[in-house]
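In the numbering used here, the protein residues as written are -5 to 48.
Using N, Cα and C, we set each Cβ at its ideal position, and we do this for glycine too.
None of the values given here were measured: they were computed from a predicted structure.
The structure under discussion appears below in the form of structure tokens.
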């Protein structure tokens, strides 16, 4: 949660509770809270996953 919240700080704690473990929910919430399109939100998630994968 901490890494995701630092990446997309405009998301609220309540939104994080709803989307925990749900990629499509995360995608929608990023689009909504950051005012970006689906493709951009998807790319941000992919970039984030690449950075956090060990």
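Where residue 20 falls, given that 16 or more other Cβ within 10 Å makes a residue buried: Looking up residue 20 in the chain shown gives position 26. Buried, because 16 or more other Cβ atoms sit within 10 Å of the Cβ of residue 20.
Chain-order list of residues whose beta-carbon lies under 8 Å from that of residue 31 (same chain, five-residue window excluded): Indexing the chain shown from 1 puts residue 31 at position 37. 25.
Cα-Cα separation, residue 16 to residue -3: In the chain shown, the residue the question calls residue 16 occupies position 22. In the chain shown, the residue the question calls residue -3 occupies position 3. Cα to Cα, the separation comes out at about 16 Å.
Secondary structure of residue 30, DSSP reduced to three states: Residue numbering aside, residue 30 sits at position 36 when the chain shown is read from its first letter. Three-state result, residue 30: coil.
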